[in-house]
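Chains as they are written, first to last, in my numbering: chain A, -3 to 324; chain B, -3 to 324.
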């Protein structure tokens, strides 16, 4: 646990997502004492998003009844490849026009505070490692299942990002070479078979083929505004088709876990992201069973596979950890 | 380059394989000045294999006109999960009855020299890193394609073996979830679609379906004693079917490379093993093209993908490096 300092003892952690920006103000004990949220609206351009991050940070500080002078620095997780040293977002596929954006520099101009930028999944696994994993395992794989699938790696106790700062791009690991097409152009990527997007496509295809589901009663035939939480509700009301789709998805996640355990030999695999947050009770045991069935016996012995309890806060927590470390 | 010491300046590197044991005597400049080879015959039991390793080491020393007193230590790469600290082979699927074998202890009794045991693919990537990669990249993935597929990882400049000493089990990464059955019981593992075994099965299935190949002329209808070198000969004599099978295998290897680049972000990917040694000219460009097509654009930029020139000597070289380091 970080020691509180005497001045400017607070930090802000920001999770920059494709649809929303979340900011949290954290004290010296890594407690979150104020949050704010704004939509990203990346179609308005890079400068507009930077202004919205600025506003979101100030809102979180205000929410906690503090002033910007009490903040030592800001950490931010961005959804793409990040050059940490330069503070540049190299490429973020889910943000319109984000290529080689000097986010650190731009945001520092707005905020007048030091800013530190990392990849969002790296940040999230750092948050889980510091705030949730009491045993401080040396090697951790974080798998974050949402619209896509992101990964973050702790290797030998440190965040690991590799040569091009892109390590942990587990969402585009091919696991079904003849499988459904992925947004990246390949077939059968992990996120093409196991993300929320993959679940929704499987549901829509099933409905077309005549499958019955409570979701059409709940949301209409077009399944407008379908969210992961709706899947949980449907399953708990006895929807067998949705139960089957979610189980199949959990099996794919389990195969992905097995691949990563075989390759990386971690002590702990942490599952997070919106899909896991909504469906952890339904999916976790299937994921663990499938992973154990698929990993080599020696590789998975003693490996913990757990669903993170930080949920949506993993990102802002990790970003706060980063800001704390870098401003100490 | 290691400095030669004044006494016992030589080391022996051993590559313990499922079918053969190879030993090399190395001088202080990491030059191999004597080798020996015996078959493994693991069906005769663990103690017999240990005796054969002992004999092979002594033969290599004799081959170089030296005595055991001039040898500082012996490194050995074993085909399975290894506990380096204890010097135990935890499990080696291709050696009959090898479960929890105290190889270091047993071999030290025979040889009267310090012995150091590591996984064979780890050892091979270490050998390539020290003896072949002049730029000393910090992060390297080694992919060794033979009867199966083994992997070794250099992370942050050091050999990396993870929590259960099993990291780099890339041969059982699932890449075709509905693909051919693997020896491990799963479907579509990397080695089930891209190893020599996979190539041979594809050829045999093709012949059954009426494909014509020069191999049946060369070796008879049963393809007795088929080796990787025969594939090269057939292709160079214009065998289109074998050319197609090898190309398809190279594409699978390329997808495996892309997965590992996405996950690990290495600077260099090194391809080795018997299949690569025989077919590097035929396969390397296809592997590189497929890997570039499948990896995320940002992850593979500037990444070198090369075929090792050490060939079969990667294992004994790495084992010698290990022995040198540990006895210094």
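From the three backbone atoms N, C-alpha and C, an ideal C-beta is built for every residue, glycine too.
Check	Outcome
In chain order, each alpha helix (DSSP H) run of at least 4 residues that lies wholly inside the segment 131 to 172 of chain A	none
Residue nearest to residue 80 (chain A) in terms of C-alpha spacing, selected from A:98, A:65, A:44	A:98
Contact between the segment 99 to 118 of chain B and the segment 73 to 87 of chain B (3+ Cβ pairs under 8 Å)	yes
Beta-carbon contacts of residue 290 (chain B) that lie in its chain and below 7 Å, excluding the five residues immediately before and after	250, 251, 254
Cross-strand partners of residue 31 (chain B) (DSSP beta bridge)	B:20
Residue 258 (chain A), enclosing beta strand (DSSP E) - first and last residue	Here residue 258 (chain A) belongs to no beta strand (DSSP E); instead the alpha helix (DSSP H) covers 236 to 260.
Neighbour-count burial assignment, residue 162 (chain A), 16 or more Cβ in a 10 Å radius	buried
Of the residues B:117, B:129, B:137, the one placed nearest residue 305 (chain B), counting alpha carbons only	B:129
Closest by C-alpha distance to residue 301 (chain B), when choosing among B:204, B:53, B:267, B:169	B:267
Element boundaries [beta strand (DSSP E), containing residue 11 (chain B)]	6 to 12
Rounded Cβ spacing between residue 320 (chain A) and residue 7 (chain A) (contact assumed at less than 8 Å)	5 Å
First through last residue of the alpha helix (DSSP H) which encompasses residue 276 (chain A)	270 to 290
Contact set between the segment 257 to 271 of chain A and chain B, restricted to residues whose Cβ is under 7 Å from the partner	258, 259, 260, 261, 262, 263
For residue 229 (chain B), the nearest candidate out of B:218, B:241, B:214, B:52 (CA to CA)	B:214
Near-chain B residues of the segment 144 to 160 of chain A (beta-carbon distance less than 9 Å), N- to C-terminal order	147, 149, 151, 152, 154, 156, 157, 158, 159, 160
Neighbour flag for residue 165 (chain A) against chain B, beta carbons, 8 Å	yes
Cutoff 7 Å; reference residue 32 (chain A); Cβ partners in own chain excluding five residues on either side	19, 52, 55, 56, 59
Heavy atom of the ligand GTP within 7 Å of residue 65 (chain A) beta-carbon	Judged by which ligands are present, the structure shown has none, so any question about the ligand GTP falls away.
CB contact flag (residue 314 (chain A), residue 88 (chain A), <8 Å)	no
Distance, residue 14 (chain A) Cα to residue 37 (chain A) Cα	8 Å
Residue range of the unbroken alpha helix (DSSP H) whose run includes residue 225 (chain A)	224 to 232
Distance CB(residue 276 (chain A))-CB(residue 257 (chain A)) smaller than 8 Å	no
C-beta contact flag for residue 262 (chain B) and residue 237 (chain A) at 8 Å	no
Proximal residues, the segment 281 to 312 of chain A versus chain B, C-beta separation under 9 Å	289, 290, 291, 292, 293, 294, 295, 296, 297, 298, 299
8 Å Cβ cutoff, residue 82 (chain B) in contact with chain A	no
Residue burial classification, residue 135 (chain A) (beta-carbon count within 10 angstroms, cutoff 16)	buried
Euclidean distance between Cα positions of residue 10 (chain A) and residue 190 (chain B)	43 Å
Per-residue DSSP class, three states only, for residue 196 (chain B)	helix
Stretch pair the segment 194 to 202 of chain B + the segment 214 to 225 of chain B: three plus CB contacts closer than 8 Å	yes
Start and end residues, beta strand (DSSP E) containing residue 112 (chain A)	111 to 115
is_contact[residue 172 (chain B), chain A] using C-beta, thresh 8 Å	yes
Option in A:35, A:24, A:70, A:104 with minimal Cα separation from residue 312 (chain A)	A:70
Run of the beta strand (DSSP E) containing residue 87 (chain B), from where it starts to where it stops	84 to 87
Residue 48 (chain B), buried or exposed, once every other Cβ within 10 Å from all chains shown has been counted against 16	buried
Strand pairing of residue 72 (chain B), partner residues [DSSP]	B:10, B:113
The alpha helix (DSSP H) enclosing residue 46 (chain A), as first and last residue numbers	42 to 59
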